[in-house]
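Numbering (our numbering), first residue to last: 927 to 1032.
This is the structure:
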């Protein structure tokens, strides 16, 4: 049982690290944030899309998440905030998950 738990935690940590690396690459100007344009540019890169697909996220879902997190309308989202919310959406997000995220973003 402990081994299974350790394996799941290790897999989760690997996914987080890989996604963080992808988002760091997306952050072309190295500000610690991702702009809407930088995020849209990622959809042209198969490597980035593969990471999103591993999480069960499609391009339109990533952009919806970006919009929800861009509370101030500045077209910038903090990488760590984006990462943590992407990980919470891993797999199919339910309607209640999206409603909760929308509520918490206001």
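Here a beta-carbon is modelled for each residue, glycine too, at the ideal position from N, C-alpha and C.
Quick one: Cα of residue 927 to Cα of residue 962, how far?
-> 42 Å
Compare the C-alpha of residue 1007 against each of 958, 934, 935 and name the closest.
-> From the listed residues 958, 934, 935, the smallest Cα separation to residue 1007 is found for 958.
Kindly identify the DSSP beta-bridge partner or partners of residue 996.
-> Residue 996 is not bridged to any residue.
In its own chain, which residues sit with a C-beta less than 7 Å from the C-beta of residue 949, not counting the 5 before and 5 after it?
-> 960, 1005, 1008, 1009
Comparing the C-beta of residue 933 with each C-beta of chain E, is any distance below 8 Å?
-> Although the question refers to chain E, the structure presented lacks it and comprises just one protein chain.
Assigned exposure category for residue 951 - 16 Cβ within 10 Å defines buried = Note on residue 951: under 16 other CB atoms within 10 angstroms of its CB, so exposed under the neighbour-count rule.
Three or more C-beta pairs closer than 8 Å, one from the region 987 to 995 and one from the region 934 to 948: is that the case here?
-> No, the region 987 to 995 is not in contact with the region 934 to 948.
Residue 943 - DSSP class collapsed to helix/strand/coil = helix
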